[in-house]
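**Student:** When we follow this note's numbering, the leftmost residue of the sequence shown carries the number 910, and every step to the right adds one.
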Amino acid sequence: MRTQPLLDVRRVYVEPEAAGLPRGQEILARFPDAELIEIGSHHRIPELYGDETNVSRWVRIKTEALVLGVKKSLTARPNDRSADFIAPSTANGCAMACAYCYVPRRKGYSNPITVFVNIDKILGYVRRHAGRQGVKPAPNQADPRDWIYDIGENSDCSVDATISDNVRDLVRLFRDLPNAKASFATKYVNRDLLDWDPRGRTRIRFSLMPAADSKLLDIRTSPIAERLAAIDDFVAAGYEVHVNFSPVVVRDGWLESWGELFDQLDAALGPQAKAQLAAEVIFLTHNDRLHEVNLGWHPKAEEVLWRPELQQAKRSQTGGWNVRYRTGQKGRHVAALTDLIAARLPYCRVRYAF
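(1) Tell me whether residue 1049 is buried or exposed, calling it buried when 16 or more other Cβ atoms sit within 10 Å of its Cβ.
(2) Note down, in chain order, each residue of its chain lying with its Cβ closer than 6 Å to the Cβ of residue 1092, except the 5 sequence neighbours on either side.
(3) Strictly by DSSP, which residues pair up with residue 1094?
(4) Is the separation between the beta-carbon of residue 1003 and that of residue 1022 shorter than 9 Å?
(5) Of the residues 1095, 1157, 1098 and 967, which one's Cα is nearest the Cα of residue 1121?
(6) Looking only at its own chain, which residues have a Cβ that is under 6 Å from the Cβ of residue 976, when we skip the five neighbours before and after it?
(7) With a threshold of 16 other CB atoms inside 10 Å of the CB of residue 1220, please say whether the residue is buried or exposed.
(8) When the distance is taken between beta carbons, is residue 918 closer than 9 Å to residue 938?
(9) Three or more C-beta pairs under 8 Å: does that hold for the segment 1209 to 1219 against the segment 1247 to 1256?
(10) Determine which residues share a DSSP beta bridge with residue 1057 and list them.
(11) Cα-Cα, which of 964, 1186 and 1025 is closest to residue 1019?
(12) Distance check for residue 1064 and residue 1141, CA to CA, integer angstroms please.
(13) Based on Cα-Cα distance, which residue from 1115, 1229 and 1149 lies nearest to residue 1098?
(14) With a CB to CB cut of under 7 Å and the five nearest residues on each side skipped, what residues in its chain are close to residue 1073?
(15) Rounded to whole angstroms, what is the Cα-Cα separation between residue 1261 and residue 966?
(16) The beta strand (DSSP E) with residue 1256 in it runs from where to where?
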């Protein structure tokens, strides 16, 4: 249960160009009492990024700070797991504070929401990119028919939609694309999205984990019971709804806890939701730098996230050490969980598991 609002914006850091664009002006008008702080670049805000003293103000910064910027580089990166392409971001960062999130270890200590306000250019780029792809030549694990564009790699679109119309504009765009669908994962139930009429062209992936794990690790997110209760409503509203079993954290009794979650999911879903359900299964990847950050604000989480006796390290591209469950052991864990899905949720197709 959240004891403070998800967002209580008191300071808006804004690039001059962003303040002059219509979407930037719309957002500023929503927070008329906030202090405006002009910045040269949304990438370089010393009081937000890279200052280790911010660990003690972790949640407060996420609640009170908002950044408005302009997305300069527009690319759609190929992806071979959840989507075919990662669309250009319309936001970066998050008001929630999941203990395993990879974004803090890249941005440094604090990652409040940055909204990119040049939405017209982003929409135009995505429309043209999808148009160049033509008809999808063959089914793959992303989708049997359409090109899938992940529109929320670095943020949670359900939360972003409480700040601006960027996500709604993307849902409208994909509604009219004949060969492509949008996709995003979320841990936040935003029922305003139910009125958007996506016509099956946006896939929402509700991230799920056992409720006890979520209470410890999914800080400031919607409770698991609320996410489960929302699935049928989003299917009825015209969304394709999948689930992410993510991250899977190995601890004492972990498999039994996941079995209980699968039973809860089965009980929550009606026939329409079950008929279209698919899942992604993602086991925990952790990081030595994030481990050190978490020790400063949420050390209890590290008791289950940082398990050197179960994990092996690999040097990341950024120079840190990522840790994953040990080779061999992880394979057995993946097999055990996917077997359990097949037994408890036989209608649920596993798109991929790693």
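By construction, the Cβ of each residue, glycine as well, lies at the ideal position given by its N, Cα and C atoms.
All figures in this text were calculated on a predicted structure; none of them were measured in a lab.
**Tutor:** By the coordinates alone:
(1) Taking the first residue of the sequence shown as 1, we reach residue 1049 at position 140. Per the 10 Å Cβ criterion, exposed.
(2) Position 183 of the sequence shown, counted from the first residue, corresponds to residue 1092. Excluding sequence neighbours, residue 1092 sits near 992, 1057, 1059 and 1112.
(3) Translated into the one-based positions of the sequence shown, residue 1094 becomes position 185. DSSP lists 1114 as the bridge partner or partners of residue 1094.
(4) Along the sequence shown, one-based indexing puts residue 1003 at 94. Along the sequence shown, one-based indexing puts residue 1022 at 113. Residue 1022 is positioned such that its CB atom lies closer than 9 Å to that of residue 1003.
(5) Taking the sequence shown and counting its residues from 1, one reaches residue 1121 at position 212. Checking every option, the nearest Cα to that of residue 1121 belongs to 1157.
(6) For this step, residue 976 is matched to residue 67 along the sequence shown. Excluding residues within five positions, the ones whose Cβ falls inside 6 Å are 922, 951 and 1023.
(7) The count along the sequence shown starts at 1 and reaches residue 1220 at position 311. Buried, by the Cβ-count rule.
(8) Residue numbering aside, residue 938 sits at position 29 when the sequence shown is read from its first letter. Residue numbering aside, residue 918 sits at position 9 when the sequence shown is read from its first letter. Cβ distance not < 9 Å, so residue 938 and residue 918 don't count as in contact.
(9) No: fewer than three Cβ pairs fall under 8 Å.
(10) Position 148 of the sequence shown holds residue 1057. According to DSSP, which records beta bridges pairwise, residue 1057 is partnered with 1090.
(11) By 1-based counting over the sequence shown, the position of residue 1019 is 110. Of the listed residues, the one whose Cα sits closest to residue 1019 is 964.
(12) Residue numbering aside, residue 1141 sits at position 232 when the sequence shown is read from its first letter. Residue numbering aside, residue 1064 sits at position 155 when the sequence shown is read from its first letter. Taking the straight line joining both Cα atoms gives about 24 Å.
(13) On the sequence shown, residue 1098 is found 189 positions in, with the first residue counted as 1. For the residues 1115, 1229 and 1149, the minimum Cα distance to residue 1098 belongs to 1115.
(14) In the sequence shown, counting from the first residue as 1, residue 1073 sits at position 164. So the list reads 932, 935, 936 and 1024, once near-sequence residues are dropped.
(15) Here residue 1261 is taken as the residue at index 352 of the sequence shown, counted from 1. Here residue 966 is taken as the residue at index 57 of the sequence shown, counted from 1. Near 37 Å, if we compare the C-alpha coordinates of residue 966 and residue 1261.
(16) Against the sequence shown, residue 1256 aligns to sequence position 347. Residue 1256 -> no beta strand (DSSP E), and no H or E assigned at all.
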